[in-house]
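Those letters in the sequence shown? Residues 1058 to 1312, by this note's numbering.
Here's the structure, in structure tokens; my notes come after.
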Amino acid sequence: HRDKQATALKLNELGRISLRSQVPLLLDEYSRNASTGSFILIDPHTNGTVAAGMILPYVTSRTSSPNTVRHESLCTSEDRLTKGRTVWFTGLSGSGKSSVAMLVEQKLLERGMPAYVLDGDNLRHGLNADLGFSMADRAENQRRLAHVAAILAESGQTVLVPAISPLEEHRALARKVTTEAGLEFFEVFCDTPIEDCERRDPKGLYAKARAGEITHFTGIDSPYQRPKKPDLRLTPDRSPEALADLVIELLESRP
1058 HRDKQATALK
1068 LNELGRISLR
1078 SQVPLLLDEY
1088 SRNASTGSFI
1098 LIDPHTNGTV
1108 AAGMILPYVT
1118 SRTSSPNTVR
1128 HESLCTSEDR
1138 LTKGRTVWFT
1148 GLSGSGKSSV
1158 AMLVEQKLLE
1168 RGMPAYVLDG
1178 DNLRHGLNAD
1188 LGFSMADRAE
1198 NQRRLAHVAA
1208 ILAESGQTVL
1218 VPAISPLEEH
1228 RALARKVTTE
1238 AGLEFFEVFC
1248 DTPIEDCERR
1258 DPKGLYAKAR
1268 AGEITHFTGI
1278 DSPYQRPKKP
1288 DLRLTPDRSP
1298 EALADLVIEL
1308 LESRP
């Protein structure tokens, strides 16, 4: 049964697992090519076959269940006294997204405006713990982030989301989710050159990526598409405090 937990499978039993490869694999859907759309798993110690599987189509579109109904709040945005919005910080790892977002949060709270930093890394310890760093998993990570941010913004908060979001389509989805909820969306590009990010390397991730210890790392072996028309572009020639003030000015320009 699909809801039954198991630590092992007996002969001819079926199970569902999460499998992550060390290197990218080129595969076809089984329905298109049975030879390159199927695989086996081999025990490296015995060379024995321990499992077999097939590649199913990847479902890119998601629709809500027809048996669920959206419930609208009895309170309007005017009742909440503050206008919710999402500020999406994009940029390479180490570009300063989280640092600036946290300063903006602090400054807004000091002004009596409800704000919250919804950090993409933090969600990977809980809600998104099942996701890896392939492009498919990154897309799902962004989708969940965008919807959680919209829910918080609907409560009247200014939601600050530091997330690499490497592809334009990731950021476009976040904007769409937000605007379709009737909320404002701001894209802030932390435009820090990769050389500076690598020199900072606060988490030691660039060193690991260069050494081949981690894969799918943005800027090294995974692409980053620069935003073409962000609402605000932040460069490292200013202090984090000054950059946070620029974000505040952007928000205040659209009361």
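Glycine residues also receive a C-beta, built at the ideal position from the N, C-alpha and C atoms.
query: Ordered list of alpha helix (DSSP H) runs contained in the stretch 1171-1251, each at least 4 residues; result: 1177-1180, 1192-1211, 1225-1237
query: C-alpha gap between S1252 and G1153, whole angstroms; result: Note on residue identity: the sequence assigns Glu, not Ser, to residue 1252. Distance between the alpha carbons of E1252 and G1153 is about 13 Å.
query: Nearest-angstrom beta carbon gap, V1216 and A1229 [assumed within contact, 8 Å]; result: Not really, about 18 Å apart at Cβ, beyond 8 Å.
query: Whole-angstrom distance between L1291 and L1184, CA atom to CA atom; result: 29 Å
query: Nearest candidate by alpha-carbon position, reference I1271, set Q1214, R1077, L1068; result: R1077
query: Host beta strand (DSSP E) of I1097 (start-end); result: 1095-1099
query: Range covered by the alpha helix (DSSP H) that runs through R1267; result: 1262-1267
query: Which of helix, strand or coil DSSP assigns to V1157; result: helix
query: Cutoff 7 Å; reference T1117; Cβ partners in own chain excluding five residues on either side; result: Any answer about T1117 is weak, because its pLDDT of 49 lies below 50 and its placement is not dependable; what the coordinates show is given next. Once the five neighbours on either side are set aside, T1117 has no close Cβ partner at all.
query: Straight-line gap, R1142 to I1112 (C-alpha atoms, nearest Å); result: 40 Å
query: Where T1117 falls: helix, strand or coil (DSSP); result: Confidence in T1117 is poor, its pLDDT being 49 and thus under 50, which makes the residue's placement unreliable; the coordinate value appears in the next sentence. The answer is coil: DSSP assigns T1117 none of H, G, I, E or B.
query: Per-residue burial, I1097 [other beta carbons within 10 Å of its own, 16 or more giving buried]; result: exposed
query: Helix, strand or coil at A1108 according to DSSP, with G and I counted as helix; result: strand
query: Local Cβ density within 10 Å of S1088, reported as buried at 16 or more and exposed below that; result: exposed
query: Integer Cβ distance of A1220 from W1145, believed to fall under 8 Å; result: 7 Å
query: Inter-stretch contact (C-beta, 8 Å, three-pair minimum) for the stretch 1231-1243 and the stretch 1149-1169; result: no
query: Cα-Cα separation between Q1282 and G1148, rounded to whole angstroms; result: 9 Å
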